[in-house]
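Undergrad: The following block contains the structure, expressed as structure tokens.
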Ligand code: PEP
Ligand code: MN
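In the working numbering, the protein residues as written are 319 to 657.
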């Protein structure tokens with residue numbers, strides 16, 4: 319279990335959280351000192367000074383320390399300050415240049431190096447980062463699954479895409495796989511259920527953002543949980559671990575169900591976008607007094623869809639019925655704009 323705040327803020331903050339999470343059995347303390355922020359003019363981390371605070375945490379609690387490195391400069395400083403665990407963040411894993419620069423800077427290190435999945439759902443980019451590190455003789459490696467960016471609204475801040483992470487596990491079974499439910503969730507209520515899901519899927523560990531006053535955290539305030547919540551969650555996880563059948567023959571079934579869930583969600587997202595677009599068309603028709611139903615246009619669409627159905631081995635009647643239903647609803651919504 320890796321826990322600690324998203325960002326190192328002050329030495330007091332770090333020591334307060336560290337002493338509390340240590341009591342629940344956390345072995346590795348995390349805190350970002352260089353923060354990759356999506357937007358400028360937000361808190362970008364305390365920098366090198368925070369590495370000294372991590373060492374103070376280690377001295378007082380005996381926990382290992384972990385921080386994110388995103389440049390060769392960060393890597394050199396983290397090694398100089400003898401930080402135990404270095405992680406490459408999701409926004410760095412997407413860039414082969416950045417990963418190579420880091421691999422070169424830490425060549426031959428025996429530190430633990432964890433690689434977060436890239437923000438985009440690209441398995442090769444993730445496994446490629448491991449190849450670069452292995453070629454630089456970095457051997458103590460682990461992977462962190464923190465979810466994938468999607469455009470548009472979604473319950474999670476980052477889509478879990480469990481099948482991709484499980485494919486990673488199949489491709490590189492020798493690399494321990496850790497789940498970061500905090501960055502998948504984006505809000506604290508989803509952290510515990512995601513952590514349990516990961517445990518049931520056979521992950522090797524968890525990284526959970528923990529803060530003694532999460533609402534006033536300087537970054538990722540919504541998703542951090544308190545050390546008390548973490549402690550309760552760890553008790554539940556231990557119980558769950560003991561009750562999970564680790565040789566469950568249903569793993570394959572579970573994996574396929576996750577895949578289906580993702581497709582269903584994509585279908586809904588696409589339907590919503592389609593409906594929004596046909597409503598925009600409806601508005602234009604209304605403004606310019608154009609009639610709503612144009613039979614030719616719909617015949618053309620159906621014709622194209624039936625050809626595609628054939629190409630993809632889908633029954634034509636099923637596609638025809640489905641598209642007629644979608645069309646009917648679009649027309650209904652366009653008509654209601656006119657009334
Ligand atoms: C973090 O761990 O705080 C972080 C920035 O993570 P990610 O690279 O997964 O966004
Ligand atoms: Mn964070």
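Built from N, CA and C at the ideal position, the CB exists for glycine as well.
1) Would you give the residue range spanned by the beta strand (DSSP E) that residue 628 belongs to?
2) Do the CB positions of residue 325 and residue 350 come within less than 7 Å of each other?
3) What ranges does the alpha helix (DSSP H) occupy inside the segment 409-482, keeping only unbroken runs of at least 4 residues that lie completely in it?
4) Please go through the segment 341-384 and give each complete beta strand (DSSP E) segment of 3 or more residues, from N-terminal end onward.
5) Determine the closest residue to residue 334 out of 393, 372, 359, 639, with distance taken between C-alpha atoms.
6) In terms of residue numbering, what span does the beta strand (DSSP E) encompassing residue 525 cover?
7) Does the Cβ of residue 324 lie closer than 6 Å to at least one heavy atom of the ligand PEP?
8) Who are residue 386's beta bridge partners in DSSP?
9) Is it buried or exposed for residue 608, if we count other Cβ within 10 angstroms and need 16 for buried?
10) Can you tell me the Cα-Cα spacing of residue 506 and residue 341, whole angstroms?
11) Given residue 392, which residues of its chain have a CB within under 7 Å of its CB, disregarding the five upstream and five downstream residues?
12) Are the segment 494-501 and the segment 527-542 touching by the rule of at least three beta carbon pairs closer than 8 Å?
13) Just how far apart, CA to CA, sit residue 562 and residue 603?
14) Just checking residue 660 against the ligand MN - is the residue's beta carbon closer than 6 Å to any of the ligand's heavy atoms?
15) Is residue 407 near the ligand PEP, with its Cβ less than 6 Å from a heavy atom?
16) Could you work out which residue in 644, 616, 513, 612 is closest to residue 585 when comparing CA atoms only?
17) Since residue 431 and residue 458 should fall inside the 8 Å C-beta cutoff, what is the C-beta to C-beta distance between them, to a whole number of angstroms?
18) Taking the C-alpha atoms as reference points, what is the distance between residue 339 and residue 448?
TA: Once the coordinates are examined:
1) The sequence position of residue 628 within the chain shown is 310, counting from 1. Per DSSP, residue 628 lies in no beta strand (DSSP E) segment; the continuous alpha helix (DSSP H) that holds it begins and ends at 613-629.
2) Indexing the chain shown from 1 puts residue 325 at position 7. Indexing the chain shown from 1 puts residue 350 at position 32. Against a cut-off of 7 Å, the Cβ pair of residue 350 and residue 325 comes out as a contact.
3) Runs of the alpha helix (DSSP H) inside the segment 409-482: 414-423, 441-453.
4) Fully enclosed beta strand (DSSP E) runs of no fewer than 3 residues occupy 346-348 of the segment 341-384, in order along the chain.
5) The residue given as residue 334 occupies position 16 in the chain shown. The residue from 393, 372, 359, 639 with its alpha-carbon nearest to that of residue 334 is 372.
6) Taking the first residue of the chain shown as 1, we reach residue 525 at position 207. Residues 523-527.
7) In the chain shown, residue 324 corresponds to position 6, counting from 1. Here the distance from the Cβ of residue 324 to the nearest heavy atom of the ligand PEP is below 6 Å.
8) Counted from its first residue, the chain shown places residue 386 at position 68. In the DSSP output, where bridge partners are listed per residue, residue 386 has 405.
9) Within the chain shown, numbered from 1, the residue matching residue 608 stands at position 290. Looking at its Cβ environment, which holds fewer than 16 other Cβ atoms inside 10 Å, residue 608 is exposed.
10) For this step, residue 506 is matched to residue 188 along the chain shown. For this step, residue 341 is matched to residue 23 along the chain shown. In a straight line, the C-alpha of residue 506 is about 21 Å away from that of residue 341.
11) For this step, residue 392 is matched to residue 74 along the chain shown. Closer than 7 Å at the Cβ level, and outside the excluded window around residue 392, lie 352.
12) Judged by Cβ distances under 8 Å, the segment 494-501 makes contact with the segment 527-542, as three or more pairs qualify.
13) Numbered from its first residue, the chain shown carries residue 562 at position 244. Numbered from its first residue, the chain shown carries residue 603 at position 285. For the pair residue 562 and residue 603, the Cα-to-Cα distance works out to about 58 Å.
14) The question about residue 660 has no answer, for the chain in this structure spans 319 to 657.
15) Working through the chain shown from its first residue, we reach residue 407 at position 89. True, at least one ligand heavy atom lies under 6 Å from that Cβ.
16) Counting from 1 along the chain shown, the entry for residue 585 is found at position 267. If we check each option's Cα against that of residue 585, 644 comes out closest.
17) Position 113 of the chain shown, counting from 1, holds the residue named residue 431. Position 140 of the chain shown, counting from 1, holds the residue named residue 458. Yes, residue 431 and residue 458 are in contact; Cβ-Cβ is about 7 Å, under 8 Å.
18) One-based indexing of the chain shown puts residue 339 at position 21. One-based indexing of the chain shown puts residue 448 at position 130. Residue 339 and residue 448: Cα-Cα distance of roughly 30 Å.
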